[in-house]
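Before any comments, here is the structure.
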Amino acid sequence: MCGRYSLFTPREELEERFDATFETSPEPRYNCAPGQRLPVVTNDDPGAFRSLKWGLVPPWADDRKVGSNLINARAETVREKPSFREAFERRRCLVPADGFYEWVQTEGGKQPYRVAFEDDRPFAMAGLWERWKPPQTQTGLGDFAGGGAADAEAETLETFTVVTAEPNELVSDLHGRMSVILAPDEEETWLHGDGDDAAALLDTYPDDEMRAYPVSTRVNSPANDDSSVVEPVER
DNA sequence: CCAGACGTTGTT
DNA sequence: GTCTGG
DNA sequence: CCAGACGTTGTT
DNA sequence: GTCTGG
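Going letter by letter, the first sequence gives residues 1 to 235 in UniProt numbering.
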């Protein structure tokens, strides 16, 4: 999975780590959720953190709501699926994070866990991105050269999805899928390599330096975007 | 040929 | 139950 | 991922 | 746009 993550690493550290710059200082994020605009590094502009909406909308979709389903793409099939094939070949991105959340069903309800590196260092999840324009609405005969083009421009939507694979041993205790984490020396190839080389990176990241711990159910609501949701709680 | 889907997760 | 919004 | 809505008519 | 199902 990966349906929620954190990104509270300070701006300077992120800029140095990814060799990219923010246009404006990002707020520390403890509860990044689908549907939100979040910083990613795209292959066509790797020197910048760009704000894209989480939930990939394929270019041929007739409704932007399609994106709410496509927050993840399976590594095993991403090169074949019509929704992802083109993006995989031409539009890959890095999705910076410093932890992600998993929910485990228990007797008393769902218990959220945070998974992160032991030192909370940031990492890149493998992502794909797209650019979508609303279908041309039927403009009347008198509406050429009007506001239509400007509207479409304004409504152009850039979106991304996170690639998932089998979980490592640590995460497999919590969940059956895990987002693909790229090693730093793999990021260049993910962004700019050919399809075969990029596909070879879609494996499971080892859990040696990772940890998982229960957190408050406050994380359930994306509105609770504060540091309390990364604090360990007793089970 | 046209119509309709195109996806993931988890759960049953 | 299912869909939308965050 | 979870939370929260899920509808219409008419009136202000 | 492209693929699958009828």
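Backbone N, C-alpha and C fix where the C-beta goes; we use that ideal spot for every residue, glycine too.
- For CYS93 and GLU102, the gap between their C-alpha atoms comes out near 23 Å.
- When beta bridges are read from the DSSP output, GLN111 appears opposite VAL104.
- For CYS32, the beta-bridge partners assigned by DSSP are TYR5.
- The C-beta of TRP60 has fewer than 16 other C-beta atoms within 10 Å across all chains shown, which makes the residue exposed.
- By the CB criterion at 8 Å, ALA212 and LEU170 fall inside the cutoff.
- Around the C-beta of ALA87, 16 or more other C-beta atoms lie within 10 Å, and the residue is accordingly described as buried.
- CA-CA distance, SER172 to ASP203, rounds to 14 Å.
- DSSP assignment within the stretch 66-96 yields the following whole beta strand (DSSP E) runs of 3 residues or more, N-terminal first: 72-74.
- Taking the CA atoms as reference points, GLU16 sits about 13 Å from VAL41.
- In this structure, ASP225 sits away from TYR5, with a CB-CB distance that is not shorter than 8 Å.
- The straight-line gap separating the alpha-carbon atoms of SER227 and GLN136 is approximately 43 Å.
- Under the 10 Å beta carbon count, SER83 is surrounded by 16 or more other beta carbons and is classified as buried.
- Of the candidates LYS110, TRP132, PRO46, the residue whose Cα lies closest to the Cα of GLU188 is PRO46.
- Of PRO232, TYR205, LEU70, LEU14, the smallest CA-CA separation from GLU130 is found for LEU70.
- CA-CA distance, PRO122 to PRO39, rounds to 13 Å.
- PRO184 carries a helical assignment under DSSP once its states are collapsed to helix, strand and coil.
- Cβ atoms of ASN43 and VAL162 stay farther apart than 8 Å, at about 15 Å.
- Nearest Cα to GLU80 within the set SER25, TYR113, ALA199, ALA183: ALA199.
- Rounded to the nearest whole angstrom, the CA to CA distance from PRO10 to ASP98 is 11 Å.
- With contacts defined as CB atoms closer than 8 Å, PRO28 and PHE49 fail to qualify as a contacting pair.
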